[in-house]
Amino acid sequence: MSQPSSPPRRLRRWLRWLVALPFLFAAASALQVAVLRFVDPPFTAFMAGRQLEAWGQGEWRFGVSYQWRDLDRIAPSLPLSMVAAEDQNFADHHGFDLPAIQKARASNAKGRKVRGASTISQQVAKNLFLWQGQSRASRWLRKGFEAWYTLLIELMWPKTRILEVYANVAELGDGVYGAQAAARRYWGKDASRLTPAESARLAAVLPSPRRYDARDPGPYVQRRARWIQRQVQQIGGTDYLQTLD
């Protein structure tokens, strides 16, 4: 009796691995998110990408600036300004602001380009885990991973942890990540001593921190910072942080 040939057996093994890959990725990514609920990230995918980009352009002296600070060691005005500027429904949604997404799509369909409706949870997912790509295929693949990681973050982390991580990993200048690095770079002070006006200016440069300057703001950043300070009061001021889980 002839023995079964080895190629079919190898093929079956490869097929089993292909079937198992999504489950392995799901388990590994869930473990990543679970660990980062308690462990402060030493760096993010965006930081690594920016450093590699600089080296690729021959900027050998370029270095990412990043120093972690717990939320209670950051002036409350900064996370409040970020919520007011980026995601005023942060306390209520589960990772995706569907009304904002629909509104953005409707405006874009009419030819009026508006900013996207990316939430703070989505921004954390992108900064921590994803790459920056230009091709259409890369963008769609990245969006899928972003949605998955956003769901995991919302399921596993309290809102205060999401906001704490965002305040620490958001790019607030070229290669400047988080509250402490920005406070030191722009004003030579600790993040705990940021004023409401300074916090609003930091939030105002989002999501284009390489285009706008929080230390020497132009008219757009100044207008937006004033608007953010008004919105901080609208969402409840410092009492707002007490409503988060």
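The sequence shown runs contiguously to residue 245 in full-length UniProt numbering. Beta carbons: idealized from backbone N, C-alpha and C, even for Gly.
Query: Which of the three DSSP states, helix, strand or coil, is assigned to residue 247?; Result: One cannot answer for residue 247 here, as it falls past the ends of the chain, which runs 1 to 245.
Query: Please classify residue 225 as buried or exposed, where buried requires at least 16 neighbouring CB atoms within 10 angstroms.; Result: buried
Query: To the nearest whole angstrom, what separates the beta carbons of residue 117 and residue 153, a pair I think is in contact under 8 Å?; Result: In fact, because the Cβ distance is near 17 Å, the residues do not count as touching under 8 Å.
Query: Per DSSP, which one or two residues make a beta bridge with residue 166?; Result: DSSP output for residue 166 lists no bridge partner at all.
Query: For residue 200, which residues in the same chain have their Cβ closer than 7 Å to its Cβ, ignoring the five residues on either side in sequence?; Result: 81, 225, 228, 229
Query: For the region 47-63 against the region 200-211, do three or more pairs of beta-carbon atoms, one drawn from each stretch, fall closer than 8 Å, so that the two count as touching?; Result: no
Query: Measuring alpha carbon to alpha carbon, tell me which of 212, 234, 141, 42 ends up nearest residue 172.; Result: 212
Query: Using beta-carbon positions only, say whether residue 241 and residue 75 come within less than 8 Å of one another.; Result: no
Query: Quick check on the DSSP output: what are the complete alpha helix (DSSP H) runs of length 4 or more inside the region 19-107, in order along the chain?; Result: 45-56, 77-86
Query: Residue 171 bridges to which residues according to DSSP?; Result: 177
Query: What did DSSP end up calling residue 192 once you bin it into helix, strand or coil?; Result: helix
Query: Identify whether residue 132 lies in helix, strand or coil by the three-state DSSP scheme.; Result: coil
Query: Less than 6 Å between C-beta atoms, sequence neighbours within five positions excluded: which residues of the same chain meet that for residue 174?; Result: 210
Query: Quick test of the definition: if touching needs 3 or more C-beta pairs under 8 Å, does the region 158-172 touch the region 21-41?; Result: yes
Query: Residue 243 by DSSP, collapsed to three states: which one?; Result: coil
Query: Would you call the CB atoms of residue 160 and residue 70 closer than 8 Å?; Result: no
Query: Between residue 178 and residue 32, how many whole angstroms is the CB-CB distance? I'm expecting something under 8 Å.; Result: Actually they do not touch by this definition, with Cβ atoms about 20 Å apart.
Query: Pick out whichever of 151, 131, 84 has its Cα sitting closest to the Cα of residue 142.; Result: 131
Query: From residue 235 to residue 88, what distance separates their C-alpha atoms?; Result: 7 Å
Query: In chain order, what residues of the same chain lie with their CB nearer than 7 Å to the CB of residue 85, ignoring the 5 residues before and after it?; Result: 203, 204, 206, 228
Query: Using a Cβ-Cβ cut-off of 7 Å (strictly less than) and excluding sequence neighbours within five positions of residue 186, which residues of its own chain qualify?; Result: 214, 215
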